[in-house]
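>
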Amino acid sequence: MIFRGTDTTALLTEWAMAELILHPTVQSKLRAEIDSVVGSTGTIQDSHVAQMPYLQAVVKETLRVHPPGPLLSWARLSTDDIQLSNGMVVPAGTTAMVNMWAITHDSSIWTNPDKFDPARFMVSEGGVDIDVRGGDLKLAPFGAGRRVCPGKNLGLVTVSLWVARLVKRFEWGPVESDPIDLSEVLKLSLEMKKPLAAVATARNCV
Ligand code: HEM
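Shown next as structure tokens:
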């Protein structure tokens, strides 16, 4: 549990912060939402996350563009022949995995899939509210079904809280001499090939 739960949450936070630095208007909009819910001097608690749809949209969009676990179902073996809806058959004894990264970057499913755009999950802005916890296979970054990630709720609230607290306390910008590179490398999880370097400027609040 500890092994699976630490790198995924840390990496998702790192990816989210990288995208927020590359998209300052998204960062400002998120900060405005946070301030409107807790005030500029209030402390963010996990219970506030439910009142912050834009924060949730930022985390969802980060999960879509940079799913920490891009290949689901490592080394699962089919025990019977399985008939798929498209007519293909997966024979018994096949090792199969789901490429969630390919699904979340598929232009037949997502408009401008390479664009980081949290508004696509904002119903108030014409987007769709997708349940990322396994209820919709267009975006199932925690897997789905019997082997779905048991830490999905903890992971979501932890990353949301960390990102919200970082954005509330600091303005985040790039290091001029060390620009952000979104290249990915798949180790145990999907990591930034070049770890994030950023400038944090404290805001005038607690
Ligand atoms: C944002 C954070 C997280 C992401 C993106 C994530 C993603 C995933 C994915 C994709 C799987 C594989 C599902 C499959 O094979 O179909 C998985 C499995 C698992 N995750 Fe997470 N996870 C996160 C956080 C956590 C946390 C916080 C914990 C524990 C506290 C955890 C514990 C586990 C365990 C034990 C499994 C294996 C389940 C099994 O094989 O039956 N994960 N996770």
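Going by the numbering used here, the first residue of the sequence shown is number 104, and it counts up by one from there. Virtual Cβ for every residue (Gly too), placed ideally from N, Cα, C.
#1: Check whether the Cβ atoms of A301 and V278 sit closer than 8 Å, and answer yes or no.
#2: Exposed or buried, which one is T214 when buried takes at least 16 other CB atoms within 10 Å?
#3: Using only alpha-carbon positions, find the residue among V251, V152, P244, I147 that is nearest to G172.
#4: For P253 and T261, I'd like the C-alpha separation in whole angstroms.
#5: Return the residue from the list G237, P127, N307 that minimises the CA-CA distance to W275.
#6: Tell me which residues share the same chain as M200 and place their Cβ nearer than 8 Å to its Cβ, disregarding the 5 neighbours each side in the sequence.
#7: Beta-carbon separation of L269 and M120 under 8 Å?
#8: Straight-line CA distance for G237 to L259?
#9: Does at least one heavy atom of the ligand HEM sit under 7 Å from the Cβ of G51?
#10: For the ligand HEM, is there a heavy atom less than 7 Å away from the beta-carbon of S286?
#11: Determine contact between the segment 107 to 118 and the segment 163 to 170, defined as no fewer than three beta-carbon pairs at a distance below 8 Å.
#12: Closer than 7 Å to a non-hydrogen atom of the ligand HEM - does that hold for the CB of T128?
#13: Could you say which of S150, F219, I212 lies nearest to D239 if we only look at CA atoms?
#14: Check the C-beta distance from L158 over to V266 and give it rounded, since I have them as a contact under 8 Å.
#15: Just reading off the alpha helix (DSSP H) that P156 is part of, what are its end residues?
#16: Using the three-state DSSP reduction, which class does E274 fall into: helix, strand or coil?
#17: Between which two residues does the beta strand (DSSP E) harbouring L293 extend?
#18: What are the partner residues of A199, as DSSP defines its beta bridges?
#19: Apart from the five residues on each side of it in sequence, which residues of its chain come closer than 7 Å, Cβ to Cβ, to G145?
According to the structure data:
#1: Within the sequence shown, residue 301 is the residue found at index 198, counting from 1. Within the sequence shown, residue 278 is the residue found at index 175, counting from 1. Yes, the Cβ-Cβ distance between A301 and V278 is below 8 Å.
#2: The residue given as residue 214 occupies position 111 in the sequence shown. With fewer than 16 Cβ atoms within 10 Å of its Cβ, T214 is classed as exposed.
#3: Within the sequence shown, the letter at position 69 stands for residue 172. Out of V251, V152, P244, I147, P244 has the C-alpha closest to the C-alpha of G172.
#4: As a position in the sequence shown, residue 253 is number 150, starting the count at 1. As a position in the sequence shown, residue 261 is number 158, starting the count at 1. Distance between the alpha carbons of P253 and T261 is about 14 Å.
#5: Counting from 1 along the sequence shown, the entry for residue 275 is found at position 172. The residue with the shortest Cα to Cα distance from W275 is P127.
#6: Your numbering for residue 200 matches position 97 in the sequence shown. Here the set comprises L174, L175, S176, W177, A178, R179.
#7: Locating residue 269 in the sequence shown gives position 166, where the first residue counts as 1. Locating residue 120 in the sequence shown gives position 17, where the first residue counts as 1. Yes, these two residues count as a Cβ contact at 8 Å.
#8: Locating residue 237 in the sequence shown gives position 134, where the first residue counts as 1. Locating residue 259 in the sequence shown gives position 156, where the first residue counts as 1. Distance between the alpha carbons of G237 and L259 is about 13 Å.
#9: No information on residue 51 is available, as it lies outside the stretch 104 to 309 that the chain covers here.
#10: Walking along the sequence shown from the start, residue 286 turns up at place 183. No, the Cβ of S286 stays beyond 7 Å of every heavy atom of the ligand HEM.
#11: yes
#12: On the sequence shown, position 25 is the one that residue 128 refers to. Checking every heavy atom of the ligand HEM against the Cβ of T128, none is found closer than 7 Å.
#13: The residue given as residue 239 occupies position 136 in the sequence shown. Cα-wise, what sits closest to D239 is I212.
#14: If you number the sequence shown from 1, residue 158 lands on position 55. If you number the sequence shown from 1, residue 266 lands on position 163. The pair is a contact, with the Cβ atoms about 7 Å apart (cut-off 8 Å).
#15: For the purposes of this step, residue 156 is taken as the residue at position 53 of the sequence shown. Segment 156 to 168, the alpha helix (DSSP H) holding P156.
#16: Sequence index remark: in the sequence shown, residue 274 carries index 171 (1-based). Correct three-state label for E274: strand.
#17: Position 190 of the sequence shown, counted from the start, is the residue given in the question as residue 293. Its beta strand (DSSP E) spans residues 293 to 295.
#18: For the purposes of this step, residue 199 is taken as the residue at position 96 of the sequence shown. Bridge partners of A199: R179.
#19: For the purposes of this step, residue 145 is identified with residue 42 of the sequence shown, where counting begins at 1. No residues qualify anywhere along the chain.
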